[in-house]
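Asker: So that we are looking at the same thing, I have put the structure below in structure tokens.
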Amino acid sequence: MNVSVVTPALNERASIEALVESLLNQTVPPTEIVIADGGSTDGTREILDSFAESDPRVRVIDGPGGISENRNAAIAAAGHDIVACIDAGCVAEPQWLEKITAPFAHGEDWVSGFYVPRGSNLRSTCAGLVLMSVREEINPDFMTPPGASQAFRKKVWNRVGGFPEGMAAAEDTLFGERAKAAGYQPYFEGDALIQWRPPEGVW
């Protein structure tokens with residue numbers, strides 16, 4: 204199965220290397236990784252260019268800047284029908300891509316993974332648990348896939364006009380609502396996990 208993994212990025216020097224390495228070391232590796240850099244000025248682009256030079260699976264493109272704008276640019280540039288989304292600042296657990304793409308073999312069009320908080324210290328991780336849901340709380344019939352851990356066929360993205368742009372937050376929720384309104388129902392794969400970094404200084 205050919206799969207494009209897409210990531211929006213902007214000034215993620217501290218975390219981008221761990222993300223790309225986690226994607227290159229999946230149990231089922233991606234066919235390509237497309238990263239849209241929205242004009243990073245902190246050295247992120249140089250790190251990405253180095254990955255692209257050493258591994259042909261990594262493609263770095265210029266993005267417009269915002270998270271939805273960058274994500275849409277990466278999806279548009281993706282060369283395969285099945286697209287898996289993960290955000291900068293996250294790390295994919297080793298079986299994430301294998302788990303999140305397996306349902307496509309059974310006819311699914313849209314699959315939701317999940318996430319676990321991994322802060323720089325215990326307090327930050329606990330804050331992440333408070334801020335976000337945990338798997339045990341999820342009702343698959345009503346959940347909306349997180350932008351940083353979902354996969355879909357490109358027809359879903361095309362049908363709803365991509366991720367809504369010009370938004371600072373909740374663009375993934377609106378994308379999900381539009382996809383559901385168009386008749387798509389996400390398949391929940393709770394074992395397709397990424398680790399996300401809760402915001403520092405939340406206290």
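FYI, our numbering numbers position 132 of the sequence shown as 335, with every residue one higher than the one before it.
Every residue gets a Cβ at the ideal spot worked out from N, C-alpha and C, and that includes glycine.
Looking only at C-alpha atoms, which of V359, I236, E311 and D265 sits nearest to V206?
Answerer: Measuring from the Cα of V206, the nearest candidate turns out to be I236.
Asker: Taking the beta strand (DSSP E) that V209 belongs to, which residues open and close that run?
Answerer: Segment V206 to A212, the beta strand (DSSP E) holding V209.
Asker: Alpha carbons only, please: which of A255, D394 and V363 is nearest the one belonging to E224?
Answerer: Answer by Cα proximity: A255.
Asker: Please state if the CB of W313 and the CB of Q233 are separated by a distance shorter than 7 Å.
Answerer: Looking at the sequence itself, residue 233 is Pro, so the reference to Gln does not match. No, these two residues do not count as a Cβ contact at 7 Å.
Asker: Check whether the segment 343 to 361 and the segment 272 to 292 touch, using three or more Cβ-Cβ pairs below 8 Å as the test.
Answerer: Yes, they touch.
Asker: If you run the structure through DSSP and keep just helix, strand and coil, what is G331?
Answerer: At G331, the pLDDT of 44 sits below 50, so the modelled position is not reliable; the number obtained from the coordinates is stated separately. Here G331 sits in helix by DSSP.
Asker: In angstroms, rounded to a whole number, what distance separates the CA positions of V286 and I219?
Answerer: Approximately 19 Å between the Cα atoms of the pair.
Asker: Take I250 and list the residues in its own chain whose beta-carbon comes closer than 7 Å to its own, dropping the five residues that flank it on each side.
Answerer: Within the same chain, I250 has close Cβ partners R216, I219 and E220.
Asker: Grab the span of the beta strand (DSSP E) containing D252 for me, first residue to last.
Answerer: Per DSSP, D252 belongs to no beta strand (DSSP E); it is in the alpha helix (DSSP H), T247 to S257.
Asker: Within 7 Å of any Cβ in chain B, is that where the Cβ of T347 sits?
Answerer: No chain B appears in the structure shown, which is made up of a single protein chain.
Asker: Apply the 10 Å Cβ neighbour rule to A382 and answer buried if 16 or more other Cβ atoms are within range, or exposed otherwise.
Answerer: With 16 or more other Cβ atoms within 10 Å, it is buried.
Asker: May I ask you to verify whether the segment 294 to 312 touches the segment 368 to 379, counting CB pairs closer than 8 Å and requiring at least 3?
Answerer: With a cut-off of 8 Å, the segment 368 to 379 and the segment 294 to 312 do not count as touching, because too few Cβ pairs lie within range.
Asker: Given a cut-off of 7 Å, decide if V231 and E301 are closer than it, judged by their beta-carbon atoms.
Answerer: Yes, these two residues count as a Cβ contact at 7 Å.
Asker: Can you have a look at D407 and say buried or exposed, based on whether 16 or more other CB atoms are within 10 angstroms of its CB?
Answerer: Residue numbering for the chain in the displayed model covers 204 to 406; residue 407 lies beyond these limits and cannot be assessed.
Asker: How long is the line joining the alpha carbons of W299 and L222, rounded to whole angstroms?
Answerer: W299 and L222: Cα-Cα distance of roughly 12 Å.
Asker: Please confirm whether L396 and F345 have their CB atoms less than 7 Å apart.
Answerer: Taking 7 Å as the Cβ cut-off, L396 and F345 do not qualify as a contacting pair.
Asker: Less than 8 Å between the CB atoms is what I'm expecting for A280 and I270, so what's the real figure, rounded?
Answerer: Actually they are not in contact, since the Cβ atoms of A280 and I270 sit about 16 Å apart, beyond 8 Å.
Asker: Along the chain, where does the alpha helix (DSSP H) that runs through A382 open and close?
Answerer: Element bounds for A382: E374 to A384.
Asker: Whose C-beta lies closer than 6 Å to the C-beta of R248 among residues of the same chain, with five residues either side of it excluded?
Answerer: Cβ neighbours of R248 beyond the five flanking positions: D240.
Asker: How many Å lie between E392 and A371 at the Cα?
Answerer: Approximately 27 Å, taken between the alpha carbons.
Asker: In whole angstroms, give me the CA-to-CA distance for P180 and Q229.
Answerer: Not covered by the structure: residue 180. The range shown for the chain is 204 to 406.
Asker: The alpha helix (DSSP H) that contains P363, what's its start and end?
Answerer: Strictly speaking, residue 363 in this sequence is Val, with Pro absent from that position. Residues K357 to V363.
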